[in-house]
Each structure stands twice: as C-alpha cells, then as structure tokens.
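Residue numbers (the working numbering): 102 to 518.
So, in structure tokens, the structure goes:
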C-alpha cells in the first residue's frame, strides 16, 4: 500500500538509520509546537513539560559534560545564536544518533519502516511547507524587510550593524522581496503534493541555502533554525538521490516513482483528500491574512504619526537664553525624528541618541515625552506647527523653560528615495 511489498525486505541498517534520522526533525517540530500560539491550549500545557526538561538538561550539560567556563543562563529568546541553542542542537543530534542506531540495529521488523518513512515524510513536508509560507508571505507582504526608516536614512554605513545593513538593502526593493518571498511560497505549495515533492524540496534547498548564507554572512541570529530547514529539505530530496544522479549525471531514463494513497477504501481517500485541501487552504489563508493585518501596524502600509518627519534643531533656548550649538553639550537637542506612532528619537549635540515614548494630543497641541528607561522622567511641551516645514516646542523640560525651533528635512530629497 505505502510501498511495494517486495521492497520491504531490503531495508538495510543504513537505510533504516537514514529513515529514523527523522527523529531529529521531530525534536525541532516539538520545540515549535511548545511556543506557537496556533496550537490548542492542551498541547501547549503538555509541551511545557517537554520544554522544562531541556531547560534543565542544557545548562547541566554545559556545566558537567562540556565544562564550559560560564553557566548557561540565557534561555531561548528572539535570538537563535545563544550557547543554549547550540548545546540544545548538540543534544538533539546526539539523542537522534543513539536512538536511530539502537533502533535500526535491534528492531528488524521491516514492515515498520515503510510506514514510518511514509508518515514521517508527510509530517516533515507539511511542517517545512508551513515554515516556507511564513518565510515567504512575510516578504511578499513586505513586513520582514520594510523600506528604510527615517532613522536609517540619516545613519551612516559605519553606524549600521551587519544585520541592519542587510535589512536596509533588501528592504529598499519591493520587487526583490516579492521575488524571494514568492520562491519560498512556491516551494511550500509544491511540498504539499507527492507528485511535486521532489521539485519542492529542491526549490526549498535553494531558497533556504540563500537564507542560511545571508544569516551567516550578515550575522543574523537565525543561523541554526535556517540550517535545520535546509537539512529538512535535503532529507526529503535524499530519497530521490539515485534518480537525480541517473537523470542529471548518468543521462539515463528515469521512471516516475509510484505513489499510492494511504487508504484502500474510496471514502477514506476522499475524506483524506478533503481534509488535506482544507488544511492547505487554511494554512495559506491564515498565514497570509495574519501578515497582511500586521502590515497595517508595522509595515510600509502602516499609518504614519501626525508629526512624522525628520526635524533639525535651528534654535534651542533655555530660560529665555539661546544656547550655542556646542558639540559637547549633551543637553542641547540636535535632531528629532518621529518615525513610528508613540515613539521619538532625540539626538543631542555630541550625536548621542535616545528613544523616548511620545504621546501627542492634536487637539490640545501638546507632546508628552517619557523616558524608556525611567517612566517617572516625563515632561509635556506645547507644539506649534505654522506649516509643514516648521515646528516649535515650548514648555517646561524638567526644571528648565525651553523653546525649540525645528526645520523639517525633506526626506524625499535622499537619493535612495
């Protein structure tokens, strides 16, 4: 049913081991289900124990097996390049090799492996397809790499991190985002169908190799995860390695691989195909729709704040007296950038910059500034905007009466725009 019967007698140790190596990817999938909010609550509760086990074992391994000179205290977070993550991958790989080798050596029930191979490939194909949708739609909808912000436009190359530089040059081009994102989405679609699985795996290998290379070259902290997705695509395509070699290198004819359905009865097949169609449709719709909604708040299409712009300080008066623009004066503002709703970036004369919370009241014409470090450090200033080019702030800043005159910089004059 799943594979021709006469092939079930030829599962060598190496073939059994390669099939059971899927256990490594299941570790990755289980780790994903423990943190993703798409799954039912009871799965999340159960997986908390799974996560707790690794949160205990990883630091213990670092201290007693690897004898690291420092304790592993940083748990999984937005970065995938922590010591915790590298030790976790080592443990997953070690457990996989031990389990797969022992299982393949002692369990010689050949009837088990075709079924395990069939269902594990489906799980891994679908997981990889979903992650490719995430990687792809977040680019197609232009959410991962937005157009360079006003802050970025005023920075020098030297002020950029390698990752920030990559985000800037990729974010500039909508077309390039759609191109690479579309390739990732296409690879995901192809992986959902058995007849196009090999093509989808090869395309996934191509796009994920590019993603991994970018992460490695520009120090983007998703190196391990992108490499694992590349391994997944390679593992899926590995099944057809002999056919690929025959076709591309040996130039010999290659017959289509026979593909069957997991169920013998017609009604079960219909139910299976119907559920598959619903799952694929829901996955594509929910992923694309969630990113589309998010783009209205965070992407290029997000609403701009009322005083959006780059404002250079033309005069700065304290208690009625004009202060000179000395490059050593850390209390005198040099530039103010309002890029995102609720936030403002203040640069002082020594080119020291700080982000602050900004609450605008357009009716009362007030701007309330609050420190991101100390919530008690706050002051409210009146603003006057006689035209789009000029802006004035005046009021009490701490124990000083200030009046600041700004001139808005026309961001459309940047060559990049």
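Ideal Cβ placement from N, Cα and C applies to all residues, glycine included. Every value quoted in this text rests on a predicted model; they were computed, and no experiment measured them.
Asked, Found
"Classification of residue 333 by the beta-carbon crowding that lies within 10 angstroms, buried from 16 upward", "buried"
"Own chain, CB closer than 7 Å to residue 125, minus 5 neighbours either side, in chain order", "193, 194, 197"
"Three-state class that DSSP yields for residue 350 in the structure shown", "coil"
"Which residues DSSP lists as bridging residue 302, in chain order", "Bridge partners of residue 302: none, in fact."
"Nonlocal neighbours in the same chain, by C-beta distance under 7 Å from residue 117, ignoring five residues either side", "205, 214"
"Residue 161 classed as buried or exposed, judged by whether at least 16 other C-beta atoms fall within 10 angstroms", "exposed"
"Inter-residue CB distance, residue 301 and residue 291 (contact presumed, cutoff 8 Å)", "3 Å"
"Sufficient close CB pairs (3 or more, under 8 Å) joining the stretch 227 to 246 to the stretch 387 to 401", "yes"
"Residue nearest to residue 507 in terms of C-alpha spacing, selected from 476, 410, 469", "410"
"Rounded Cβ spacing between residue 186 and residue 243 (contact assumed at less than 8 Å)", "Going by Cβ atoms, the distance from residue 186 to residue 243 rounds to 28 Å, so no, they are not a contact pair."
"Minimum length 3: unbroken beta strand (DSSP E) runs contained in the stretch 356 to 423", "410 to 419"
"Pick from 218, 247, 155 that is closest to residue 188, judged by C-alpha positions", "155"
"Where residue 323 falls: helix, strand or coil (DSSP)", "coil"
"Residues near residue 106 by beta carbon distance below 7 Å, same chain, minus five either side", "Low per-residue confidence applies at residue 106: pLDDT is 42, beneath 50, and the placement is therefore not dependable enough to give any value."
"Extent of the continuous alpha helix (DSSP H) to which residue 278 belongs", "275 to 292"
"Bounding residues of the alpha helix (DSSP H) (the contiguous stretch that carries residue 239)", "213 to 241"
"Range of the contiguous alpha helix (DSSP H) that encloses residue 252", "251 to 254"
"Proximity below 9 Å, CB of residue 466 to CB of residue 490", "no"
"Where the beta strand (DSSP E) through residue 515 begins and ends", "Taken as a continuous stretch (DSSP letters only), residue 515 belongs to no beta strand (DSSP E), as it is neither H nor E."
"Cβ shell of residue 454 (< 8 Å), same chain only, five flanking positions each side left out", "446, 447, 448"
"Residue environment, residue 114, which counts as buried when at least 16 other CB atoms sit within 10 Å", "exposed"
"Spatial distance of residue 48 from residue 419 (CA atoms)", "Because residue 48 is not part of the residues shown, which for the chain are 102 to 518, the question remains open."
"Where residue 296 falls: helix, strand or coil (DSSP)", "helix"
"Euclidean distance between Cα positions of residue 176 and residue 458", "29 Å"
"Boundaries (first-last residue) of the beta strand (DSSP E) holding residue 471", "467 to 472"
"Short Cβ contact (9 Å threshold) for residue 276 with residue 234", "no"
"Buried versus exposed call for residue 401 [16 or more other C-beta atoms within 10 Å across all chains shown]", "exposed"
"Secondary structure, beta strand (DSSP E): runs of 3+ residues fully inside the stretch 425 to 487", "434 to 439, 444 to 449, 454 to 462, 467 to 472, 479 to 485"
"Contact under 9 Å by Cβ, residue 471 with residue 464", "no"
"Proximity of residue 474 and residue 493 at Cβ, strictly below 9 Å", "no"
"CB of residue 272 within 9 Å of CB of residue 248, strictly", "yes"
"Cα-Cα separation, residue 165 to residue 433", "53 Å"
"Where the beta strand (DSSP E) through residue 493 begins and ends", "491 to 498"
"Residue 501 at chain B interface by Cβ criterion, 9 Å", "You won't find chain B in this structure, because it holds only one protein chain."
"DSSP beta-bridge partners of residue 507", "414, 492"
"Rounded Cβ spacing between residue 406 and residue 439 (contact assumed at less than 8 Å)", "5 Å"
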